[in-house]
Every structure is written in C-alpha cells, then in structure tokens.
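J.:
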C-alpha cells in the first residue's frame with residue numbers, strides 16, 4: 411500500500427503510467443465493458459424475441475411487443491453510439507436513464523423479505539454504479555466537446 415502511495419505522488423511515475431494506460435484503446439475497452447451487458451441483452455432479446463416478450467410480461471410492461479422492440483433498439487443503438495463516439499453523450503444519458511428506471515422496476519429490494527433483500531439490494535446499488543458510469547461518460551464527452559468547440 412505504501413508503494414502505491416509513493417508512486418501516486420511521484421509525477422514522473424504517474425506520467426509514465428498515463429502514457430501506457432491513458433490510450434484510445436484502453437478508453438474504448440472501458441466503454442465496451444460498460445456497454446457489454448446492454449449489447450448482450452439487446453442481442454439476446456433480438457435473437458429470442460419470445461423470451462423478450464416474456465421478460466416484458468414478467469415486469470408487467472404492456473403492450474409487450476412495442477416495449478420489447480424499444481428496449482432492444484435502445485440497448486443496441488445507445489451502445490453503438492457510445493462505442494463509435496457518434497452522439498456518445500446522448501447514448502450514455504439514454505442508458506443511464508434506462509438503467510435507473512429498470513433498476514427501480516426490477517430490484518425493489520425494500521419490498522422483499524430478508525433472504526432475497528440482501529442480493530437484490532446489492533444488485534440495485536451495483537446498477538446505480540452503472541448509472542454513475544454512464545453519467546461520467548456523458549459528462550466527459552460534453553466537456554471534451556465544449557473544450558474543443560465541437561458541436562454536441
């Protein structure tokens with residue numbers, strides 16, 4: 411732990427680390443990791459549409475078909491926007507809002523009995539972490555655009 415603190419306070423060590431770590435490839439891999447569940451979810455729903463309909467029914471979303479189509483489109487299109495950088499901020503805000511709504515709908519831990527409450531509460535707060543990650547992506551993209559004069 412002390413070694414990490416020493417390196418973190420050494421400007422030349424930080425510069426060397428940043429040169430290796432703060433690359434476009436690492437940034438893209440981080441964005442891919444953030445979008446992975448949505449790419450997988452959208453793909454699985456698209457290739458198993460009856461399963462997507464069943465999921466909408468499970469959560470009481472009606473009419474099921476339009477909801478399933480909207481979720482598939484949102485998960486895939488917003489992820490592609492984030493990964494390509496085309497409207498990255500908008501894709502990130504869309505997935506943040508979607509994740510927050512889906513989390514409140516699906517992980518109502520406060521209504522559960524204690525054995526199930528623990529797992530649902532953990533998952534609820536993990537999903538809030540995803541929301542925070544998407545908000546950071548949107549903030550960073552908008553900040554970068556403002557600094558360079560690129561339109562949003």
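Residue numbers (the numbering used here): 411 to 562.
We put the beta carbon where it would ideally sit given N, CA and C, even for glycine.
The model shown is predicted, which means the values in this text are computed figures rather than measured ones.
1. Tell me whether residue 562 sits in a helix, a strand or coil according to DSSP, three-state version.
2. Mind checking whether residue 477 and residue 515 have CB atoms under 8 Å apart?
3. Counting along the chain, where does the alpha helix (DSSP H) carrying residue 511 start and finish?
4. From residue 521 to residue 429, what distance separates their C-alpha atoms?
5. Roughly how many angstroms separate the alpha carbons of residue 565 and residue 545, rounded to a whole number?
T.: On the basis of the data shown:
1. Residue state, collapsed to three classes: coil.
2. Taking 8 Å as the Cβ cut-off, residue 477 and residue 515 do not qualify as a contacting pair.
3. Here the alpha helix (DSSP H) through residue 511 covers 498-516.
4. In this structure, the alpha-carbon of residue 521 lies about 48 Å from that of residue 429.
5. Lying outside 411 to 562, the shown extent of the chain, residue 565 is not represented and no answer is given.
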